[in-house]
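**Q** Before anything else, here's the structure in question.
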Amino acid sequence: MKHFLLLTLMLLAACSPAATATPQSTEPQTLTVMTHDSFSISEGVVKSFEEANNAKLVFLKSGDAGAVLNKAILTKDAPLADVLFGVDNTFLSRALEGDIFEAYESPALSEIPDTFKLDESNRALPVDYGDVCINYDKAYFADNNLAVPQSLEDLTRPEYQDLLVVENPATSSTGLAFLLATTAHFGDSFTEYWQALKDNGVVVVDGWETAYYTNFSASSGHGPQPMVVSYGTSPAVEVVFAEKPMDDAPTASVLGPNTCFRQIEFVGILKGTQNRSLAEKFVDFMLSKQFQEDVPLQMFVYPVHPNAALPDPFIKYAQAPEQPAVLAPDVIAEKRDAWIQAWTDVVMK
Amino acid sequence: MSRILNHRDTEDTEILNNLRVFVSLWLARILLWLVPLSFLVLAFFYPLSRILSLTFNPQALTAENLLLASRVLLFTFYQATLSTLLTLLLGLPSAYLFAHYDFRGKSVLRALTAVPFMLPTVVVAAGFSALLGPRGLLYTLFPLASFSFTGTLSAILIAHVFYNTTIIIRVAGNALSSLDPKLEAAARSLGADSWRLWWNVTFPLLRPALLAASLLVFLFDFTSFGVILLLGGSQFATLEVEIYLRVLRLPNLPLAALLSVIQLICTILFSILYSHFVSRSTIQTAPRSAESNIRKPKTLREKIFVAAFAILLASFFILPLSALPLRSLFRLEADRGQRGEIQYGFTTDYYSELFINRRDSIFYVPPIQATVNSLGYAGATVVLSLLLGFPAAFALAKPTRLERILDPLIMLPLGSSAVMLGLGFILSYGAWLTSPLLVPFAHTLVALPFVIRTLQPAIASIPQRLRQAASSLGASPLEVWKNIDLPILRRATLAAGTFAFTISLGEFGATLLIARPEYPTIPVAIERFLSQPGGLNYGQAMAMGTILMMLTLTSILLIEKIRIPGTGEF
């Protein structure tokens, strides 16, 4: 029994600072932010928040966006954090139904365009957005004198046979976003479209990493397919992380109407937080220009703040579609599973 | 003899004595079990039961769900059986090679075979793709040999063999090298040919170790996850993959719980079967050095076997592994006009870039720090798993009824769904999720079955008669320990420690699940690079993968260095 106790004590001792942070005037107050693996932020931006509010930010990364939300719902009686960032519009309904957020009408919201505010009661507040788009290998299309497809329908044409790699929507959120673009565009006949894509040799892999680095011809992997489902900002990232300085991005996005699906990411204050006022300050901070201008090069998404200045590579190489495919979060929540099942029956059988 | 003669006279005291021995034996056993069992309860049974009781629902037992479950179960069995057989096919001769022959480059080759075991799946998949993928090395060398590798069952099987051969080599090899050559010599002098020698002498002696190794391999294949998703695709869903899909992608927690229960039941069945076989066939061996069995190949047949097999092993392991350092130092420059042509351009940019925090990200971690984190977690895992593993292995070495019941429990953490267990951890220890201490605990949970299964046969093989003889000749308990127990245990302890160390170095899932982003391990750092586009990111992932590979290779070589001298002197 002694060892048992010792073990427990060891665990307790090691964990107590995070578990029982008592707010004092001199001691910085700890704010725990639960988020997904892709979250990133500059050191300077974190410091300026911490210094201004006598706070210590602790980030808890818990897998991808879906995993984070699952964990938040599972632990809502004893929340793991004060703030959750990273629920997107494909998961928004589940988060709201899961009842994990406290409403907060941030004064900073007044500057954010209404198109991003998908939750009227302000339990989830928009922070950034990005588009899942088809990226193409510019050199391949130029060398082969091939026109770049302009619509989803174009992709079923014989000249694009075997040229596209997509992610399985059952295993990849990128793949799911592209499936949603096709359901938004074709309605119930999206299965016929996917049958046509399959007949035209679409390649399906399980995740974005494999699609981009193993299959896509313009990535470092130099794979066989010159078109991949990725992000509208990926061409800019290719330039930022180029091996040699580039004058031009090696890739670009297909931007025709309804070919891209827009993802909006939200932040919310978790129900049951002991640090409500600090959590509010952090949410305000995320909507401030300082944080919003840090977003593009940290997470390669667009800030929702209309006056946030974009960095150079974004202005030059990132592309946002004029007419992205749109679906209401509650429609997504209701039909997602059935759509994935229908897709699986058509494409994977 | 005299005791029997006097039996009637001292019956009462005898019973009392027996009772006292009996009670103290039980007390000792309970003490032995207390630590490892408390750990298992805390780190496994409690979190798992919490998540299962929350999600399991008898209403999930619909015909449709059961059909899906049986289809997935069947495939899981099928691929795990095939993979295990193939792994034995490569592993057994390799174990024999390493246990019996001395040849140049042996220690490096032996260390090489252990490297895949601790590389994260993303890196191994990248290695295989660089070798066998559509633009891989093989394709560049033989453009006509067009075949698809990723997305096939063969890819899964090959990756499983690649990952798990080291288990057979280590566990079975350990047993092979402690076989008494006098037994073989005796059998030969009685006229047994090689086949009969193997079948009647070697195989029965090896059976416990072989079964232990095969079961570990089978369990790993049975619960395979990353390999299936990255190299096969979700159409080859194992139970573990299906559970993951049903928890995170097509959320249906009751179905996920049903599948986890099925997986658990299977694991319990395997473990019971295993304990049943092993408890029947523990053989005590003489304490001897490993070297006395090892010699240079003499006859032509031996020389051919050693050379051929060493080359086969080297190419099987070196080719996919070498793709990593190759890609970390050379960038692919596809000529824009001719897409088939690929040139390699030498660069050290990837390594220098590792030291630059280009985006001032708060989560940037210099490679040295990630290495230190990884080594720290691995060291803690070794200490913790040996501390917990030794008492359990001692108790299991001479099983009573208690052990026969407890024995199968040891293996359960290996066969339970990591996704579900992860959720259980969060549910049970949510408030402690920010503690870096949770990482070695999670790693120990994975490593403990290996540690116990490696130590247990060694402890069981300590010949009691030899110990008694030594004591009766006047050896102190310390001398008995030093001259008899230690030489046998030393080898097994090193093997067990190596397992714990390497499991921790390569472990990815649990680290990601509970790690504070400020203290990433190398595998976590690799995953971060691979999740973004850009040639530099890909290159840095390869560079980091190379560092991990070198680190593990050196660690293993160092451990083998400790192992080779010393053992012979006792």
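Same order as they appear, the protein sequences are chains H and S.
Read in order, the letters of the first sequence correspond to residues 1 to 349 in the numbering used here.
Read in order, the letters of the second sequence correspond to residues 1 to 570 in the numbering used here.
In this text, a Cβ means the ideal position worked out from N, Cα and C, and glycines have one as well.
Among GLN369/S, LEU313/S, ALA213/S and THR371/S, whose alpha-carbon lies nearest the alpha-carbon of ARG453/S?
**A** Comparing Cα-Cα distances from ARG453/S to each of GLN369/S, LEU313/S, ALA213/S and THR371/S, the minimum goes to ALA213/S.
**Q** Give me the subset of the stretch 520 to 548 of chain S whose CB atoms are less than 7 angstroms from a CB atom of chain H, sorted by chain position.
**A** LEU530, SER531, GLN532, PRO533, GLY534, GLY535, LEU536, ASN537, TYR538 and GLY539
**Q** Does the beta carbon of THR150/S come closer than 9 angstroms to any beta carbon on chain H?
**A** yes
**Q** Should PRO224/H and SER234/H be called a contact, given that it needs their Cβ atoms to be closer than 9 angstroms?
**A** no
**Q** Hey, THR165/S and THR113/S are a contact pair by Cβ (cut 8 angstroms); roughly how many whole angstroms apart?
**A** Sure, about 6 angstroms apart at Cβ, within 8 angstroms.
**Q** Please report whether the beta-carbon of PHE309/H lies at a distance below 9 angstroms from any beta-carbon of chain S.
**A** Per the sequence shown, the amino acid found at residue 309/H is Ala instead of Phe. Judged by the 9 angstroms Cβ criterion, ALA309/H is not in contact with chain S.
**Q** How would you label LEU255/S, buried or exposed, when you count the other beta carbons within 10 angstroms and need 16 or more for buried?
**A** LEU255/S is classed as buried because its beta carbon has at least 16 other beta carbons within 10 Å across all chains shown.
**Q** Counting along the chain, where does the alpha helix (DSSP H) carrying PRO208/S start and finish?
**A** For PRO208/S, the enclosing alpha helix (DSSP H) covers residues 203 to 222.
**Q** Consult DSSP for LEU163/H and reduce its assignment to one of helix, strand or coil.
**A** coil
**Q** Which residues bound the alpha helix (DSSP H) around LEU176/S?
**A** 153 to 177
**Q** Check whether chain S comes within 9 angstroms of MET227/H, counting only Cβ atoms and requiring the distance to be less than that.
**A** no
**Q** Can you give, in chain order, each stretch of the alpha helix (DSSP H) that sits fully within the stretch 267 to 316 of chain H and has at least 4 residues?
**A** 276 to 287 and 289 to 299
**Q** Out of ASP88/H, ARG336/H and THR273/H, point me to the one whose CA is closest to ALA78/H's CA.
**A** THR273/H
**Q** Measure the C-alpha to C-alpha separation of THR554/S and TRP194/H and round it to an integer number of angstroms.
**A** Cα to Cα, THR554/S sits roughly 50 angstroms from TRP194/H.
**Q** Taking the beta strand (DSSP E) that SER230/H belongs to, which residues open and close that run?
**A** 227 to 231
**Q** Using DSSP's beta-bridge definition, name the partner residues of LYS303/S.
**A** BP columns for LYS303/S are empty, so no partner.
**Q** With distance defined between alpha-carbon atoms, name the residue in ALA320/H, GLN323/H, LYS244/H and PRO321/H nearest to THR347/S.
**A** LYS244/H
**Q** For ALA525/S, report the span of its alpha helix (DSSP H) as first-last.
**A** From DSSP, the alpha helix (DSSP H) with ALA525/S extends over 522 to 530.
**Q** Buried or exposed: where does TRP199/S fall if 16 or more other Cβ atoms within 10 Å of its Cβ makes it buried?
**A** exposed
**Q** Counting only runs that start and end within the stretch 123 to 164 of chain H, where is the alpha helix (DSSP H) found for 4 or more residues in a row?
**A** Within the stretch 123 to 164 of chain H, the alpha helix (DSSP H) runs of at least 4 residues that lie entirely inside it are, in chain order, 138 to 143.
**Q** Check this for me: beta carbons of LEU42/S and LEU448/S, under 9 angstroms apart or not?
**A** In this structure, LEU448/S does not lie closer than 9 angstroms to LEU42/S by Cβ.
**Q** Any C-beta of chain S sitting closer than 9 angstroms to the C-beta of TRP208/H?
**A** yes
**Q** Under the rule that 16 or more other beta-carbon atoms within 10 Å means buried, what is TYR350/S, buried or exposed?
**A** TYR350/S is buried by the Cβ-count criterion.
**Q** Given that GLY233/S touches chain H, what residues does it touch there, using C-beta distances under 8 angstroms?
**A** ASN168, VAL204, VAL205 and ASP206
**Q** Just to confirm my understanding: we take VAL239/H, look at its own chain, exclude 5 residues before and 5 after, and list those with CB closer than 7 angstroms. What are they?
**A** For VAL239/H, same chain residues with a beta-carbon under 7 angstroms away, outside a window of 5 residues either side, are MET246, ALA249, PRO313 and TYR317 in chain order.
**Q** Using a Cβ distance threshold of 8 angstroms, determine whether the stretch 201 to 215 of chain H contacts the stretch 165 to 172 of chain H, with at least three qualifying pairs required.
**A** yes
**Q** Checking the sheet assignment: what are the DSSP bridge partners for ASP199/H?
**A** DSSP lists no partner for ASP199/H.
**Q** Can you give me the Cβ contacts of SER106/H inside the same chain, cut-off strictly under 8 angstroms, excluding the 5 residues immediately before and after it?
**A** ASN122, LEU125, GLU280, VAL283, ASP284 and LEU287
**Q** Would you please state the rounded distance, in angstroms, between the beta carbons of VAL201/S and ALA185/S? I believe it to be under 8 angstroms.
**A** Not confirmed; about 10 angstroms, so no contact.
**Q** Measuring only the C-alpha atoms, how far is GLU27/H from VAL58/H?
**A** 15 angstroms
**Q** Quick one: give me the first and last residue of the beta strand (DSSP E) that PHE85/H is part of.
**A** Per DSSP, PHE85/H is one residue of the beta strand (DSSP E) stretching across 83 to 88.
**Q** Nearest chain H C-beta to PRO251/S closer than 9 angstroms, yes or no?
**A** yes
**Q** With a floor of 4 residues, list each alpha helix (DSSP H) that falls wholly inside the stretch 99 to 129 of chain S, ordered by position along the chain.
**A** 106 to 118
**Q** Go ahead and pull the three-state DSSP assignment for LEU473/S.
**A** coil
**Q** If you run the structure through DSSP and keep just helix, strand and coil, what is ILE547/S?
**A** Correct three-state label for ILE547/S: helix.
**Q** Check whether the stretch 433 to 445 of chain S and the stretch 62 to 76 of chain S are in contact - that is, three or more C-beta pairs closer than 8 angstroms.
**A** No, they do not touch.
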